[in-house]
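For the sequence shown, the working numbering begins at 1 and goes up steadily by one. Think of the CB as a built atom: it goes at the ideal place given N, C-alpha and C, for glycine as much as any other residue. To start, the structure under review is shown below, and the notes come after it.
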Amino acid sequence: MQPHSHNFKANASHALKNKNLQSALSQMKVGFIERRQTAVDDMPEFEELRDQARDLKNHTLANLDFYLERYEQKATEAGGHVHWAATAAEARKIILDICESVDAKNVTKGKSMISEEIALNDAIEAAGLNVVETDLGEYIVQLRKEPPSHIIAPAVHVLRSEVEDAFREEHKHLADERRLTEPSDLLNEARQVLRQKYMEAEVGITGANFLIAETGSSVIVTNEGNGDLTQTLAKVHIVIASIEKVVPTLEDASSILRVLARSATGQDFSSYTTFSTGPRRPEDLDGPEQYHVVILDNGRSELLGGEFQDALRCIRCGACMNHCPVYHAVGGHSYGWVYPGPIGSVLTPTFLGVEEAGHLPNASTFCGRCESVCPMRIPLPKMMRHYRVKEYENGLSPPSVRAGLDIWGFFARRPSLYRMASRLGSFALRVMGGKRGRADSLPLAGGWTDHRDMPIPTGPTFQDQWSARGGRRRPSR
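Structural data, given as structure tokens:
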């Protein structure tokens with residue numbers, strides 16, 4: 001996926017005008033939030049588990065080299081092959097070389113954000129191979145030639161009628177009279193097509209929610225079972241995972257699994273949690289003949305020991321975007337790269353650079369919901385503030401923003417002028433809002449009112465209220 005994060009404002013404006021998208025987003029808002037809250041309420045020890053998961057990941061990141069080496073040792077002992085990729089290009093080459101070594105023509109894929117990060121599908125298709133996504137949401141967006149718009153619900157932006165349109169356009173065998181109006185109809189049609197793809201594939205590629213150093217195992221979590229079919233029916237199973245996915249022990253993985261599903265979908269556990277260790281053994285009834293694990297860095301090691309290391313605790317549950325008012329308004333594609341929402345506003349400038357995506361942290365109301373629901377307690381607002389500072393210090397903020405901050409700073413250093421300006425501003429807004437109680441346009445602030453009205457201030461300013469209650473300035477030290 002070619003990044004276009006620098007176009008966030010234009011992307012967001014387009015999204016706000018897209019009626020189908022707004023309809024789809026309105027349908028997804030409540031479900032994720034209510035289901036998570038119910039799951040959390042049913043587990044009194046949930047907050048304690050969050051602390052435990054955070055501490056576990058911090059320990060692992062502090063000793064990452066040790067656990068990665070141990071994972072490689074155990075995976076190799078189990079008959080697997082571990083490959084190290086410093087960059088996305090290296091990862092793509094490793095995977096294509098494996099496919100070529102077995103003369104593969106068809107590839108199935110389980111859901112993997114890392115594969116999106118390295119643009120794997122494009123590389124496989126450019127090499128002349130057929131690749132099909134087997135997660136239903138990923139399959140839908142693949143047919144529509146779109147990237148996923150959500151970490152755990154790739155097609156959350158697509159209406160049911162649009163899914164039917166995609167199936168009718170791409171599934172040439174479909175009869176015109178075939179009924180595809182209900183979700184079950186669409187599911188059965190996708191199942192019919194994908195089952196044949198599983199049988200044809202020589203290579204199956206999955207991501208990994210965890211790599212277990214103790215056993216050399218990879219773990220995937222799904223609700224559809226597609227990951228199991230992808231990795232057991234093909235002759236070659238390739239796992240692609242980033243370096244921070246490693247955890248020390250099976251017990252550690254189980255601890256994080258307890259907060260993962262509850263945070264993501266509100267389930268106690270996902271329908272399928274699958275552990276894979278090496279290729280098929282003589283006594284096994286199924287499984288791949290070859291088992292490869294590609295471990296990707298792609299800039300992550302540079303975060304270790306720095307101010308953004310905490311972002312590597314992310315377990316890709318999607319809770320931050322499920323609760324984010326900005327994501328609910330503009331959807332995932334507006335962010336312009338693989339990772340949307342609050343975590344995307346941190347990861348994207350981290351991986352692509354401040355010049356490309358340093359303004360994404362401005363796509364936040366700083367309500368703090370993302371941090372309050374993150375199972376790994378990642379301080380996302382703090383990190384976004386760091387990037388806002390970097391954007392300003394590097395001269396990348398728009399001139400209007402820099403001028404506005406300079407003007408605000410001038411008045412903020414002069415309390416009497418600040419108080420006077422606040423009163424005048426409040427009066428002017430009340431005049432502009434009139435009886436409607438809101439302003440539909442503001443001079444020099446079109447970004448606020450292009451797609452919404454600005455509520456006018458009511459009552460006295462904070463400073464006036466403070467003075468009326470006898471508040472005083474704290475003496476300077």
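Alpha carbon of L159 to alpha carbon of I33, nearest angstrom: Counting from 1 along the sequence shown, the entry for residue 159 is found at position 159. Counting from 1 along the sequence shown, the entry for residue 33 is found at position 33. The straight-line gap from Cα to Cα measures roughly 20 Å.
Contact set for P478: own chain, Cβ-Cβ below 8 Å, skip 5 residues either direction: The shown model of the chain, from 1 to 477, leaves out residue 478, and the question about it has no answer.
Close beta carbons around D482, own chain, < 8 Å, minus the five adjacent residues each side: There is no way to answer for residue 482, as the model of the chain reaches only from 1 to 477.
Classification of Q37 by the beta-carbon crowding that lies within 10 angstroms, buried from 16 upward: To locate residue 37, count along the sequence shown from 1; it is residue 37. Exposed, by the Cβ-count rule.
Inside the region 172-233 only - alpha helix (DSSP H) runs reaching at least 4 residues: 183-200 and 226-233
Buried or exposed by the 16-neighbour rule on C-beta atoms within 10 Å, applied to E302: As a working note, residue 302 is residue 302 in the sequence shown. Exposed is the call here.
Contact set for V373: own chain, Cβ-Cβ below 6 Å, skip 5 residues either direction: Taking the sequence shown and counting its residues from 1, the one referred to as residue 373 is at position 373. The residues are A319 and H323.
Residue range of the unbroken beta strand (DSSP E) whose run includes Q290: As a position in the sequence shown, residue 290 is number 290, starting the count at 1. Counting along the chain, the beta strand (DSSP E) containing Q290 begins and ends at Q290 to L296.
The region 233-246 in contact with the region 164-176 per 3-pair CB rule at 8 Å: no
Span separating the alpha-carbon of E72 from that of N63: Locating residue 72 in the sequence shown gives position 72, counting from the first residue. Locating residue 63 in the sequence shown gives position 63, counting from the first residue. Their backbone Cα atoms lie some 15 Å apart in a straight line.
E133: first and last residue of the uninterrupted beta strand (DSSP E) it sits in: Walking along the sequence shown from the start, residue 133 turns up at place 133. Run containing E133: N130 to E133, per the beta strand (DSSP E) assignment.
C-beta atoms of P154 and G128 nearer than 9 Å: Working through the sequence shown from its first residue, we reach residue 154 at position 154. Working through the sequence shown from its first residue, we reach residue 128 at position 128. Cβ distance not < 9 Å, so P154 and G128 don't count as in contact.
G58 (DSSP reduced to helix, strand or coil): Taking the sequence shown and counting its residues from 1, the one referred to as residue 58 is at position 58. Going by the sequence as given, residue 58 is Asn instead of Gly. Helix, per DSSP.
Cβ shell of R369 (< 7 Å), same chain only, five flanking positions each side left out: The residue you call residue 369 lines up with position 369 of the sequence shown. Within the same chain, R369 has close Cβ partners H323 and C324.
Beta-carbon gap between S5 and A357 smaller than 9 Å: Residue numbering aside, residue 5 sits at position 5 when the sequence shown is read from its first letter. Residue numbering aside, residue 357 sits at position 357 when the sequence shown is read from its first letter. Their beta carbons are under 9 Å apart, which means S5 touches A357 by this criterion.
Euclidean distance between Cα positions of E146 and R316: As a first step, residue 146 is located in the sequence shown; it is residue number 146 there, counting from the start. As a first step, residue 316 is located in the sequence shown; it is residue number 316 there, counting from the start. Near 20 Å, if we compare the C-alpha coordinates of R316 and E146.
N- and C-terminal bounds of the alpha helix (DSSP H) containing N362: Along the sequence shown, read from residue 1 onward, the residue named residue 362 stands at position 362. Per DSSP, N362 belongs to no alpha helix (DSSP H) and is neither H nor E.
Where S149 sits in the DSSP three-state scheme: As a position in the sequence shown, residue 149 is number 149, starting the count at 1. Here S149 sits in coil by DSSP.
Touch test, the region 115-123 against the region 245-262, Cβ-Cβ under 8 Å, three pairs minimum: no
Expected contact under 8 Å - CB spacing of G336 and N7 to nearest Å: Counted from its first residue, the sequence shown places residue 336 at position 336. Counted from its first residue, the sequence shown places residue 7 at position 7. With a Cβ gap of about 6 Å, G336 and N7 count as contacting.
Contact under 9 Å by Cβ, E486 with L396: The structure shown does not extend to residue 486, since the chain is modelled only from 1 to 477, so the question has no answer here.
Ordered list of alpha helix (DSSP H) runs contained in the region 242-319, each at least 4 residues: 250-264
Paired residues, beta bridge with M384 - DSSP: The residue you call residue 384 lines up with position 384 of the sequence shown. Answer is none; M384 lacks a bridge partner.
Proximity of V102 and V203 at Cβ, strictly below 9 Å: The sequence position of residue 102 within the sequence shown is 102, counting from 1. The sequence position of residue 203 within the sequence shown is 203, counting from 1. Yes; because the gap between Cβ atoms is below 9 Å, this pair is in contact.
Contacting residues, own chain, Cβ-Cβ under 7 Å from A190 (five flanking each side not counted): Working through the sequence shown from its first residue, we reach residue 190 at position 190. Hits under 7 Å: L136 and Y139.
Terminal residues of the beta strand (DSSP E) in which K435 lies: Against the sequence shown, residue 435 aligns to sequence position 435. Looking at the DSSP string, K435 is not in any beta strand (DSSP E), and its letter there is neither H nor E.
Q27 classed as buried or exposed, judged by whether at least 16 other C-beta atoms fall within 10 angstroms: The count along the sequence shown starts at 1 and reaches residue 27 at position 27. Its Cβ having fewer than 16 others within 10 Å, Q27 is exposed.
Element boundaries [alpha helix (DSSP H), containing K93]: Along the sequence shown, read from residue 1 onward, the residue named residue 93 stands at position 93. Counting along the chain, the alpha helix (DSSP H) containing K93 begins and ends at A88 to S101.
Secondary structure of N18, DSSP reduced to three states: In the sequence shown, counting from the first residue as 1, residue 18 sits at position 18. Coil, per DSSP.
contact_flag[the region 292-309, the region 254-272] where n(CB pairs < 8 Å) is 3 or more: no
Identified DSSP bridge partners for N106: Locating residue 106 in the sequence shown gives position 106, counting from the first residue. According to DSSP, which records beta bridges pairwise, N106 is partnered with N130.
Close beta carbons around T273, own chain, < 6 Å, minus the five adjacent residues each side: Here residue 273 corresponds to residue number 273 of the sequence shown, with the count starting at 1. Cβ neighbours of T273 beyond the five flanking positions: V221.
Proximal residues to T235 (C-beta, below 8 Å), its chain only, five neighbours per side dropped: Walking along the sequence shown from the start, residue 235 turns up at place 235. The sequence given here has Lys at residue 235, not Thr. The residues are V102, E202, V203, P288, E289 and Q290.
Start-to-end residues for the alpha helix (DSSP H) that takes in V82: Against the sequence shown, residue 82 aligns to sequence position 82. Here V82 belongs to no alpha helix (DSSP H); instead the beta strand (DSSP E) covers H81 to A85.
Delimiting residues of the alpha helix (DSSP H) encompassing K74: Start at 1 with the first residue of the sequence shown, and residue 74 comes out as number 74. First-last of the alpha helix (DSSP H) with K74: L64 to E77.
Whether Y464 touches R423 by CB criterion (9 Å): Counting from 1 along the sequence shown, the entry for residue 464 is found at position 464. Counting from 1 along the sequence shown, the entry for residue 423 is found at position 423. According to the sequence as given, residue 464 is Asp; it is not Tyr. In contact: D464 and R423 (Cβ atoms closer than 9 Å).
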